[in-house]
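J.: I am attaching a structure below and will ask some questions about it afterwards.
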Amino acid sequence: MSNSQPTAQERFINGILPENPTYRQLLGMCPTLAVTGAMEPAMTMAAATGFVMISANVIISLIRGLLKPHLRILIFTLTIATFVTIADRFLAAYMYEMSKQLGSYIPLIIVNCIIISRCEICAAKQGVGTALADGVGMSLGFLLGLGSIATVREILGSGTWFGMAVLPEAWPDWGIMVLPPGAFLTLGLLLGLVNWLGNRKKSAGTP
Amino acid sequence: MTDSATTPDRAPALHVAPSPHLAQTAFHTRGMMIDVLVALAPVLLATLLVFRWHGVVQVGLCVLACVAAEAVLCLLMRKPIAVGDCSAAVTGVILGLSLPATAPWFVGVIASVVAIGLGKVVFGGLGYNLFNPAMVGRAFVMLSFAGYMGASAYVVTDSLDVLTQATPLTMAKQNAAAWAAGQIGPENMPEGLADIRQFWPLFLGTVNGSLGETSALAILAGGLFLCLRRVASWEIPLGMLVAGFLCAALAQWIKLTPLTALQFMISGSFLFGAFFIATDPVTSPLTPWGKFAFGAGIGVLTMLIRVLSGYPEGVMFAVLLMNGAVPLLNRWTIPRPLGAK
Chain Y
13 MSNSQPTAQE RFINGILPEN PTYRQLLGMC PTLAVTGAME PAMTMAAATG
63 FVMISANVII SLIRGLLKPH LRILIFTLTI ATFVTIADRF LAAYMYEMSK
113 QLGSYIPLII VNCIIISRCE ICAAKQGVGT ALADGVGMSL GFLLGLGSIA
163 TVREILGSGT WFGMAVLPEA WPDWGIMVLP PGAFLTLGLL LGLVNWLGNR
213 KKSAGTP
Chain P
14 MTDSATTPDR APALHVAPSP HLAQTAFHTR GMMIDVLVAL APVLLATLLV
64 FRWHGVVQVG LCVLACVAAE AVLCLLMRKP IAVGDCSAAV TGVILGLSLP
114 ATAPWFVGVI ASVVAIGLGK VVFGGLGYNL FNPAMVGRAF VMLSFAGYMG
164 ASAYVVTDSL DVLTQATPLT MAKQNAAAWA AGQIGPENMP EGLADIRQFW
214 PLFLGTVNGS LGETSALAIL AGGLFLCLRR VASWEIPLGM LVAGFLCAAL
264 AQWIKLTPLT ALQFMISGSF LFGAFFIATD PVTSPLTPWG KFAFGAGIGV
314 LTMLIRVLSG YPEGVMFAVL LMNGAVPLLN RWTIPRPLGA K
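Quick note, the sequences are listed as chains Y and P, same order. The first sequence lines up with residues 13 to 219 when you count with the working numbering. The second sequence lines up with residues 14 to 354 when you count with the working numbering.
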């Protein structure tokens with residue numbers, strides 16, 4: 013079984029660009045749209061999701077021999093919920109303001125389909141090393157997705173990046189970019205750009 | 014035999030061709046758009062008379078930006094440059110006429126680029142867009158720059174006289190609560206409200222507002238020309254006026270607004286929307302009853318937004334909302350073919 017599965021290195025690379033969770037799989041759209049108004053909440057969300065994803069992948073991979081087929085989704089959910097609770101309490105204790113700002117989106121990591129799909133696709137079938145590489149790769153891919161959208165939205169919408177002013181004082185803030193419509197517009201345009209670049213590369217590769 | 018096949022002047026008398034059978038070859042996109050520009054001429058004249066150079070600058074800027082955006086985006090998409098069909102110019106004029114007189118230059122430019130780019134080109138160009146491009150552009154800047162586009166942005170103290178007063182709908186909105194509570198009435202009106210509760214200024218257009226919306230007379234003249242030329246479908250403005258009037262009469266009756274139904278209809282951009290914005294052939298339904306329902310929907314939504322929301326005017330959002338319902342209206346109102354049961 014394992015010889016047909018991708019290796020750890022392939023899993024890691026796939027997660028970042030070829031199977032990017034945001035731009036290729038279009039998974040985890042809820043946080044992608046909701047918390048990317050600025051870089052700071054977006055990066056906090058990416059870090060929390062990454063922590064849960066890597067931890068859940070490792071644990072599921074370690075107990076994969078014990079999984080019963082009809083109970084596996086339940087075990088995935090319980091494992092993920094454990095780490096989400098840890099992340100949620102950690103943020104509430106050490107980053108209270110950010111925890112308030114992200115609100116229910118931290119508890120909602122539990123239903124983030126990227127994580128459960130990685131448990132199902134990779135961790136439940138492959139060894140710890142591969143599952144770890146997969147979790148790290150996917151987390152970096154998610155970070156890239158959230159970061160690119162948040163960069164566009166924060167710079168255009170507030171003239172800042174991570175709270176630092178990057179555009180001159182005279183810049184008129186595009187209020188729509190930090191509102192929900194800005195999230196949909198930015199995601200759609202960036203998705204189009206990624207597809208366009210991908211198609212160009214593909215057509216350049218074939219003679 | 015071979016002779017007749019090669020000489021073009023001996024064409025067969027009976028033409029057999031697949032549809033569409035165009036009777037009027039002059040009725041093409043460019044001709045339609047030029048008709049719209051002709052119909053907009055009285056509105057532009059009224060704008061020039063009321064807002065002077067403010068109107069010229071704003072509309073000119075929007076037209077230039079729209080045409081430039083269309084040319085650049087067509088180049089980028091490697092499509093033939095469609096500037097020649099004048100649709101970008103029409104979008105620019107309508108967009109410019111829907112902006113406040115003193116909005117800064119970048120508001121018009123950003124609205125134009127968004128109108129052409131996000132409103133039209135990303136969908137595949139003219140004929141494929143779901144939403145009215147000019148209104149997409151206006152909604153973008155409305156949500157982005159509330160400070161330059163909101164009700165307070167219309168009032169400028171150190172400029173033309175007409176710009177120093179609040180727009181009729183803002184005035185109506187501010188006095189609506191007191192009117193409903195009976196604290197003010199036709200006998201004891203505050204001064205500003207008494208000024209706008211007059212028919213002739215509203216009809217001729219000597220009131221504040223977006224550049225093209227103030228003069229009901231100019232809009233009716235241009236709009237009737239459009240309907241007579243069949244560039245605009247008369248069902249849409251009719252539906253909008255009927256439904257709008259019923260709602261306005263209801264609002265007057267239950268005292269939701271201090272304006273009478275007629276004043277409520279001819280103030281703001283209701284008429285401009287009915288004749289020039291809602292009648293965009295691409296983003297309105299195809300069937301006669303669909304067109305009527307589309308217009309009626311815009312009329313009702315506009316009045317609901319005006320009376321019940323925080324915004325003084327609602328034509329833009331009403332048009333965009335009903336644009337989204339167009340495929341459904343088309344499907345619901347397919348006409349029955351002759352002889353079908």
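The C-beta atom is built at its ideal place from N, Cα and C for all residues, glycine as well. Note that the coordinates shown come from a computational prediction; the quantities given were computed from them, not determined experimentally.
Could you check what DSSP says for residue 247 of chain P in three-state terms: helix, strand or coil?
T.: Note: residue 247 of chain P maps to coil in three-state DSSP.
J.: How about residue 64 of chain P: is its C-beta nearer than 8 Å to some C-beta of chain Y?
T.: It does not: the Cβ of residue 64 of chain P has no partner Cβ on chain Y nearer than 8 Å.
J.: For residue 208 of chain Y, count neighbouring Cβ atoms within 10 angstroms of its own Cβ and tell me buried if that reaches 16, exposed if not.
T.: exposed
J.: With a 10 Å radius around its C-beta and 16 neighbouring C-beta atoms as the bar for buried, classify residue 34 of chain P as buried or exposed.
T.: Under this definition residue 34 of chain P is an exposed residue.
J.: Between the segment 151 to 168 of chain P and chain Y, which residues of the former have CB atoms less than 9 Å from a CB of the latter, in chain order?
T.: 152, 153, 154, 155, 156, 157, 158, 159, 160 and 161
J.: If you follow the alpha helix (DSSP H) that residue 166 of chain Y is part of, which residue opens it and which one closes it?
T.: 140 to 170
J.: Applying a beta-carbon distance threshold of less than 9 Å, which residues of chain P neighbour residue 193 of chain Y?
T.: 152, 153 and 156
J.: Of all the beta strand (DSSP E) runs that stay within the bounds of the segment 184 to 218 of chain P, which reach a length of 3 or more residues?
T.: none
J.: Please classify residue 32 of chain Y: is it buried, with 16 or more other beta-carbons within 10 angstroms of its beta-carbon, or exposed?
T.: Residue 32 of chain Y is buried by the Cβ-count criterion.
J.: Less than 7 Å between C-beta atoms, sequence neighbours within five positions excluded: which residues of the same chain meet that for residue 84 of chain Y?
T.: 136
J.: Mind checking if residue 205 of chain Y is an interface residue toward chain P, Cβ cutoff 8 Å exclusive?
T.: Not an interface residue.
J.: Between the segment 179 to 192 of chain Y and chain P, which residues of the former have a C-beta closer than 8 Å to a C-beta of the latter?
T.: 184, 185, 186, 187, 188, 189 and 191
J.: Would you please state the rounded distance, in angstroms, between the beta carbons of residue 64 of chain Y and residue 95 of chain Y? I believe it to be under 8 Å.
T.: That pair is a contact at about 4 Å.
J.: Using a 10 Å radius around the Cβ and a threshold of 16 neighbouring Cβ atoms, would you call residue 71 of chain P buried or exposed?
T.: Classification for residue 71 of chain P: buried.
J.: Relative to chain Y, which residues along the segment 106 to 120 of chain P have a C-beta separation below 7 Å, given in chain order?
T.: 119
J.: If you compare alpha carbons, which of Y:78, Y:164 and Y:100 is closest to residue 189 of chain Y?
T.: Y:164
J.: Using a Cβ cut-off of 8 Å (strictly closer), state whether residue 215 of chain P contacts chain Y.
T.: No, no contact with chain Y.
J.: Rounding to the nearest angstrom, what Cα-Cα distance links residue 240 of chain P and residue 309 of chain P in this structure?
T.: 17 Å
J.: For the segment 127 to 149 of chain P, list every residue whose C-beta sits within 8 Å of some C-beta in chain Y, in sequence order.
T.: Listed in chain order, the positions of the segment 127 to 149 of chain P with a beta carbon within less than 8 Å of a beta carbon of chain Y are 131 and 135.
J.: Is there a Cβ of chain P sitting closer than 8 Å to that of residue 209 of chain Y, yes or no?
T.: no
J.: Would you mind telling me which residues of chain P sit closer than 8 Å to residue 197 of chain Y, beta carbon to beta carbon, in chain order?
T.: By Cβ distance, chain P contributes 131.
J.: Kindly identify the DSSP beta-bridge partner or partners of residue 173 of chain Y.
T.: Y:176
J.: Specify the secondary structure class of residue 169 of chain P as computed by DSSP and reduced to three states.
T.: Coil.
J.: Check whether the Cβ atoms of residue 263 of chain P and residue 109 of chain P lie closer than 8 Å to each other.
T.: Contact: no.
J.: Using alpha carbons as the reference points, say which of P:320, P:235 and P:246 lies closest to residue 260 of chain P.
T.: P:320
J.: Would you kindly report the start and end of the unbroken alpha helix (DSSP H) that includes residue 83 of chain P?
T.: 66 to 89
J.: Hey, residue 176 of chain P and residue 115 of chain P: beta-carbon distance below 8 Å or not?
T.: Yes. Within cutoff.
J.: Roughly how far, in whole angstroms, is the beta-carbon of residue 315 of chain P from the beta-carbon of residue 327 of chain P, given that I think they are within contact range, below 8 Å?
T.: 5 Å
J.: When DSSP labels each residue in this structure, what does residue 112 of chain P get in the three-state scheme?
T.: For residue 112 of chain P, the secondary structure class from DSSP, reduced to helix, strand or coil, is coil.
J.: May I ask which residues mark the beginning and end of the alpha helix (DSSP H) holding residue 31 of chain Y?
T.: Neither: residue 31 of chain Y is in no alpha helix (DSSP H) and is coded neither H nor E.
J.: Using a Cβ-Cβ cutoff of less than 7 Å, which residues in the same chain neighbour residue 194 of chain Y once the five nearest sequence positions on both sides are dropped?
T.: 165, 169 and 188
J.: Under 8 Å by Cβ, that's how I've got residue 348 of chain P and residue 300 of chain P pegged, so tell me the actual separation to the nearest angstrom.
T.: 6 Å
J.: To which residues of the same chain is residue 167 of chain Y closer than 7 Å at the C-beta, ignoring the five residues directly before and after it?
T.: So the list reads 173, 178 and 179, once near-sequence residues are dropped.
J.: Count Cβ pairs between the segment 194 to 209 of chain P and the segment 142 to 151 of chain P that sit closer than 8 Å; are there 3 or more?
T.: no
J.: Are the CB atoms of residue 218 of chain P and residue 230 of chain P within a distance shorter than 8 Å?
T.: yes
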